[in-house]
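Take 0 as the starting number for the sequence shown in numbering that gives the first Met the number 0 and just add one per residue.
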Amino acid sequence: MADYEIPEITGEDGIVDVPKLVPDAMKGSGPWISKQEFQEFMHFPTDFTMPESVDNYGDADTLVENWKERALDKMADLKGRYRSLQVYLDICVKCGACTDKCHYYLGSTDPKNMPVARQDLLRKVYRYYFTFAGKFFAKLGKPEFVGAAELTEDVVKDWYNYYHQCSQCRRCSVFCPYGIDTAEISMAAREILDHIGMGQKYCTEIMGKVHKIGNNLGLPAGALADTLEGLEEDIYDETGVEVKLPLDKKGSDILLITPSADFFAEPHVDGLMGYAKVFHELGLDWTLSSYASEGANFGMFIGSYENMRKISLRIRQAALDLGVKRIVFGECGHAWRVAYSFLNTLAGPFDFLDQNYPIPQHVLEITEPALAAGKLNIDKSLNDDMTLTFHDSCNIARGSRMGDKPGGQFEIPRNVIKAVCNNYVDMPSETIHDATFCCGGGGGILTDDLMEIRVKGALPRMEALKHVTEHHGVTHMAAICAICKSQFTKVIPYYGFTMDQIVSVHQLVSNALILTGQLTEEEIEAKEAAEEAERLAAKEAREKAAAEKAAKENKSDA
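Written out as structure tokens, the structure is:
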């Protein structure tokens, strides 16, 4: 299944031991580089030469003209615009608190994947060109005395490789006594790379589809409408109840913004059907938008607030065009982080929305109080084939909130799961809530050309999952992030699990929710049999009428 070594998991206590260092264990060329056409969509420079092979990534003759000056100009621009970036580059004291907190370091053993070491790839260049100490010791020929280094081709290659081994999950920041946000440093490094001809193909190609069509998949409005119609049929076949998934319905109260993964793949699509059933049962008037059919915002991954804003403005425009009163986000980790932390700044003010509701609102903030108030008819036994645990997605856990009190992002998803399932177990406390480990595929890493680091980065979560599997009988892990669900379904087979063990939270709600007027399995079978009999009878009647008409015409001709 893989031509690289898969880390071993024991399941003993659910915690990964700090590994022995293996320098350059993940040294490589990094992910595929973006072509000029994708860079142009992002308004990034295109005057570079595509490398002949991955071995040439970062070679000076492939980069933009005057690449060093342009890289330093962009660094100066970023530290000037974002005061936090300069603070983070200045205040690290090398205390070591973050060293063993990164899932990629624990899985890969490469010391450059220690958060402090990865930060220093950028910090040493900053010190060389932008600090008095760096400039002074550089003149003496001893810049290393203050951790400074000149910007070279090799440094750029390390930037591209190792800054794409950071999922911007911010776990290290939780343990940093100074609160240094490694995610901001990684974002800055990627934006610098974008401006010298080393943009990442995966992120820029996806954002190009959003700017051009409206979603990461490049799914046009007609195909989206067909997909939603098919899901309506699936729900009807399952329940005997007509549940609508409206598209571009003007005058609706709610605009649902959800990741495009919800439109095409399991377990994502099961979650979308869960939203629809909850909205139907609560009598909510809602719609999806073909113009803003994407909750994800990869602008955050590449550190481009300009592109984050451009994607966010599509949501604003869709809300205005459809005349909605509320904006609700579905199950997507970084989409909710961008929405919660940035949407009002990037695309506000949203003074045209109903101010009595959170702006924006998470779908769980609708489902959880409805369950608590008994507004949904739930049969928890319908999920008894599963014993659940829950994966706290990093962007939700450490970059957002839900509900009206601190920690709601941890309590609300668990409240929902426990309200619809009889069997629930948390993973070890050191691996959940704000100490949760990333799935290993976030931050623009969810691409097959980074499969090795994805598998190795999943190690801490797989260790915790194996612990509750072996000691508490857990059979399935729920998540509320599209990237987490996509990542886990791809990597857990490497660790001896199966793809179908990953579920959406609203999939569990959908399983247990009994709709008003819902038919039993026997009633559905009887109804289908009656409909089939009616169809056959109608067919026979048409055939008989056609035969009689043909016979009459033959007789007339004779």
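Ideal Cβ placement from N, Cα and C applies to all residues, glycine included.
Neighbour-count burial assignment, residue i, 16 or more Cβ in a 10 Å radius
i, result
"asparagine 306", "buried"
"arginine 534", "exposed"
"glycine 440", "buried"
"threonine 151", "exposed"
"tyrosine 235", "exposed"
"serine 172", "buried"
"histidine 42", "exposed"
"lysine 548", "exposed"
"serine 555", "exposed"
"cysteine 94", "exposed"
"phenylalanine 144", "exposed"
"aspartate 297", "Per the sequence shown, the amino acid found at residue 297 is phenylalanine instead of aspartate. Burial call: buried."
"histidine 210", "exposed"
"aspartate 23", "exposed"
"proline 368", "exposed"
"arginine 541", "exposed"
"threonine 203", "buried"
"isoleucine 452", "buried"
"aspartate 2", "exposed"
"methionine 25", "buried"
"serine 259", "buried"
"valine 124", "buried"
8 Å contact criterion, which residue i and residue j should meet: CB distance rounded
i, j, result
"isoleucine 314", "isoleucine 256", "6 Å"
"serine 166", "isoleucine 523", "With 8 Å as the limit, serine 166 and isoleucine 523 do not qualify as a contact, their Cβ atoms being about 43 Å apart."
"glycine 106", "lysine 455", "3 Å"
"glycine 10", "methionine 426", "No, glycine 10 and methionine 426 are not in contact; Cβ-Cβ is about 11 Å, not under 8 Å."
"tyrosine 127", "alanine 116", "17 Å between Cβ atoms; not a contact."
"lysine 19", "threonine 108", "7 Å"
"threonine 238", "leucine 514", "5 Å"
"alanine 295", "alanine 481", "7 Å"
"methionine 299", "valine 337", "6 Å"
"tryptophan 158", "leucine 121", "7 Å"
"valine 63", "aspartate 46", "5 Å"
"histidine 361", "methionine 401", "5 Å"
Opening and closing residue of the alpha helix (DSSP H) in which residue i lies
i, result
"isoleucine 256", "Taken as a continuous stretch (DSSP letters only), isoleucine 256 belongs to no alpha helix (DSSP H), being part of the beta strand (DSSP E) at 253-256."
"alanine 545", "520-556"
"methionine 186", "181-193"
"threonine 344", "332-346"
"alanine 571", "The question about residue 571 has no answer here: the residues shown for the chain are numbered 0 through 557."
"phenylalanine 174", "170-174"
"asparagine 160", "152-161"
"valine 15", "First-last for valine 15: undefined, no H or E at that position."
"aspartate 89", "82-90"
"tyrosine 201", "200-211"
"glutamate 451", "450-456"
"glycine 398", "393-398"
"isoleucine 365", "363-371"
Simplified DSSP state of residue i, which is helix, strand or coil
i, result
"valine 502", "strand"
"methionine 74", "helix"
"valine 323", "coil"
"leucine 283", "coil"
"tyrosine 356", "coil"
"phenylalanine 43", "coil"
"tyrosine 290", "coil"
"histidine 102", "helix"
"glycine 478", "According to the sequence shown, residue 478 is alanine rather than glycine. Three-state result, alanine 478: strand."
"isoleucine 32", "strand"
"phenylalanine 129", "helix"
"tyrosine 423", "strand"
"isoleucine 411", "helix"
"isoleucine 377", "strand"
"leucine 120", "helix"
"histidine 466", "helix"
"phenylalanine 144", "helix"
"phenylalanine 263", "coil"
"phenylalanine 278", "helix"
"phenylalanine 328", "strand"
"leucine 20", "coil"
"leucine 271", "helix"
"leucine 62", "coil"
"leucine 312", "helix"
"leucine 246", "strand"
Extent of the continuous beta strand (DSSP E) run through residue i
i, result
"phenylalanine 389", "387-389"
Say whether the region 405-418 touches the region 447-465, bearing in mind that this needs 3 or more beta-carbon pairs closer than 8 Å, one atom from each stretch.
-> no
At a cut of 8 Å, does the region 268-288 reach the region 492-506 through at least three beta carbon pairs?
-> yes
On the three-pair Cβ rule with 8 Å, is the region 346-355 touching the region 474-490?
-> no
Any chance the region 460-469 sits against the region 188-200, with 3 or more Cβ pairs inside 8 Å?
-> no
Do the region 247-264 and the region 318-328 meet, that is, are 3 or more Cβ pairs less than 8 Å apart?
-> Output reads yes: the region 318-328 touches the region 247-264.
Stretch-stretch touch, CB-based, cutoff 8 Å, three pairs: the region 465-480 with the region 495-503 = yes
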